[in-house]
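A.B. asks:
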Amino acid sequence: MPKYEFVAVDFDGTLCTNAFPEIGEPNPVVIGYVRKLAAEGSKIILYTSRENGTRKLLDEAVAFCKAQKIPIHAVNENPWNPYAATIGLKPSDGRKVYADLYIDDKAINPVDIERIAHFSAWEEAT
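For the sequence shown, my numbering begins at 2 and goes up steadily by one.
#1: In the DSSP assignment, the beta strand (DSSP E) including VAL10 goes from what residue to what residue?
#2: If you compare alpha carbons, which of MET2, PRO111, PRO22 is closest to ARG56?
#3: Suppose contacts are defined by Cβ-Cβ distances below 8 Å. Is ASP52 in contact with ILE24 by that definition?
#4: Between GLU41 and VAL76, what straight-line distance do the alpha-carbon atoms span, to the nearest angstrom?
#5: For ASN79 versus VAL98, is the C-beta distance shorter than 8 Å?
#6: Using only the alpha-carbon positions, how far apart do VAL10 and ASN28 sit?
#7: If LEU38 sits next to VAL8, beta carbons under 8 Å apart, how far is it from one beta carbon to the other, in whole angstroms?
#8: Report all residues from its chain with a CB closer than 7 Å to the CB of ASP105; omit the five preceding and five following residues, and keep chain order.
#9: Quick one: residues in its chain with C-beta nearer than 7 Å to the C-beta of HIS119, no 5 flanking neighbours on either side, listed in chain order?
#10: What are the start and end residues of the beta strand (DSSP E) that includes LEU47?
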C-alpha cells in the first residue's frame with residue numbers, strides 16, 4: 002500500500018506555471034514527484050477550478066496531464082472517502098475532494114502558520 006493512497010493535485014501554478022486561462026509551462030519538479038507517487042501506487046486526483054464552458058479549459062488541463070504522463074484517477078471528484086459512511090454519506094458525497102495529500106501552490110501547512118503569522122515584510126526591510 003502506498004504512503005498516500007489518494008493525492009489531490011492542483012493545476013495552475015502547481016503542475017504548470019500560472020498562465021490562466023492559457024496552459025503554463027510544465028513544472029518538472031512537481032510533475033516528477035506526482036509521477037513518483039503514482040508509480041508507488043497513489044491514485045492521482047486532478048483538483049482544479051478549471052471548468053468546461055465555451056472553452057474546454059478542464060479538458061485542456063486533462064490533456065496536459067496525459068501529455069506529461071501523469072496518470073489521473075479522477076478529476077474534481079471524490080472517488081473514495083473512508084469517513085463518509087460514519088456520517089451517513091456515500092463515499093462520493095461532499096464538495097471537497099478527499100485526499101491523503103494535497104499539492105497546491107496556494108496551500109500553507111498549519112505547522113508553518115506560527116512562523117509566518119508574526120512576520121511583517123516591512124519589519125524585514127527596516
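Virtual Cβ for every residue (Gly too), placed ideally from N, Cα, C.
C.D. replies: The relevant details are as follows:
#1: Judged by DSSP secondary structure, VAL10 falls within the beta strand (DSSP E) whose first and last residues are 7-10.
#2: Comparing Cα-Cα distances from ARG56 to each of MET2, PRO111, PRO22, the minimum goes to PRO22.
#3: The question names Asp, but residue 52 is Glu in the sequence shown. Against a cut-off of 8 Å, the Cβ pair of ILE24 and GLU52 comes out as no contact.
#4: Those two C-alpha atoms are separated by around 20 Å.
#5: Closer than 8 Å, so yes.
#6: Pairing VAL10 with ASN28, the inter-Cα distance amounts to about 12 Å.
#7: 5 Å between Cβ atoms; contact.
#8: Excluding sequence neighbours, ASP105 sits near ASP11, THR15.
#9: No residues qualify anywhere along the chain.
#10: First-last of the beta strand (DSSP E) with LEU47: 44-47.
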